[in-house]
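Visitor:
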Amino acid sequence: MNKSRSVKSSLFLMELIIAIFFFALCAAISLRIFALAYTMNQSSRNLDQAVYKAESIAEIYKSTGGNLAETAVIYGGSGVVTDTLLRISFDKDWKPVLQGKDVSFELELAIDEVPFLKSGWITLIKKDGEVIFRLPVKIASGGVQHGR
Numbered sequence: 001m002n003k004s005r006s007v008k009s010s011l012f013l014m015e016l017i018i019a020i021f022f023f024a025l026c027a028a029i030s031l032r033i034f035a036l037a038y039t040m041n042q043s044s045r046n047l048d049q050a051v052y053k054a055e056s057i058a059e060i061y062k063s064t065g066g067n068l069a070e071t072a073v074i075y076g077g078s079g080v081v082t083d084t085l086l087r088i089s090f091d092k093d094w095k096p097v098l099q100g101k102d103v104s105f106e107l108e109l110a111i112d113e114v115p116f117l118k119s120g121w122i123t124l125i126k127k128d129g130e131v132i133f134r135l136p137v138k139i140a141s142g143g144v145q146h147g148r
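Those letters in the sequence shown? Residues 1 to 148, by UniProt numbering.
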């Protein structure tokens, strides 16, 4: 009688160990799925913000007639402007910041100017150099004048 009780106890213990192992395996798989979902959510959020920022800058750039300095001022004045480049830095929450201070993302508007056409690319880049989004931008400049 004592022997059958010990066999039942060892079977119960083995069944309990198997159940704990199965639970641990399911928990590990679930954690991996949640981590992947979080990463995908962050990537999607970054892409959404990048598209929004690029479209905003493109519309401002076109409304200023292709003036990079005016574009930077209208956007908020936090960008670095040269003759053919506008660079705006953003923190991890996509708020504009000064160059070098907690920069997580950068927007670059690089322009090539040929007669009667300014064309270029708006590129959003992560701090590790990965390109998130690129948008071409073109604006007619000058034009043929008839008459006087």
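Cβ atoms here follow ideal geometry from the backbone N, Cα and C, with glycine treated the same way.
Measuring straight from C-alpha to C-alpha, what distance separates Gln42 and Pro96?
Guide: Cα to Cα, the separation comes out at about 19 angstroms.
Visitor: With a cut-off of 8 angstroms on the beta carbons, I'd call Gly120 and Leu107 a contact; round off their distance for me.
Guide: At roughly 12 angstroms, the Cβ-Cβ gap does not stay under 8 angstroms, so Gly120 and Leu107 are not in contact.
Visitor: On a CA-only basis, which of Gly77, Val51 and Ala140 is nearest Asp112? Give me that one, please.
Guide: When only C-alpha atoms are compared, the closest one is Ala140.
Visitor: With distance defined between alpha-carbon atoms, name the residue in Ile74, Ser89 and Glu70 nearest to Asp83.
Guide: That would be Glu70, whose Cα lies nearest to the Cα of Asp83.
Visitor: Among Tyr61, Ser9, Arg45 and Ile60, which one has its Cα closest to the Cα of Phe133?
Guide: Closest option to Phe133, Cα to Cα, is Arg45.
Visitor: In terms of residues, what are the limits of the beta strand (DSSP E) holding Leu86?
Guide: Leu86 -> beta strand (DSSP E) spans Leu85 to Phe90.
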